[in-house]
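Under this note's numbering, the first residue of the sequence shown carries the number 6, and numbering increases by one thereafter. Written below as C-alpha cells is the structure these notes are about.
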Amino acid sequence: QTWLARGRLDQARSMAERALKAEPDNQQMRQLLSQLGQG
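See the structure below:
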C-alpha cells in the first residue's frame, strides 16, 4: 500500500511543479510542493 501512496505523492508533486511553471507566484502550490518535498 505504501507504493500506492508514493505514486500519488509523485503525481501530486509533478502536478504542483507544472502549476508552478505556469504561475510561479502561486503561493498555495509552492507551499504544497515544499510539503510534498519533505515526504
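Ideal Cβ placement from N, Cα and C applies to all residues, glycine included.
Residues of the same chain with a CB within less than 6 Å of the CB of Arg18, apart from the 5 flanking positions on each side, are Leu41 in chain order.
Glu22 sits in a helix when the DSSP states are folded into three classes. The beta carbon of Leu38 sits closer than 6 Å to those of Ala21, all from its chain and outside the five residues before and after it, given in chain order. If the five residues before and after Ala24 are omitted, its C-beta is found closer than 7 Å to the C-beta atoms of Asn31 and Met34, all from its own chain and listed in chain order.
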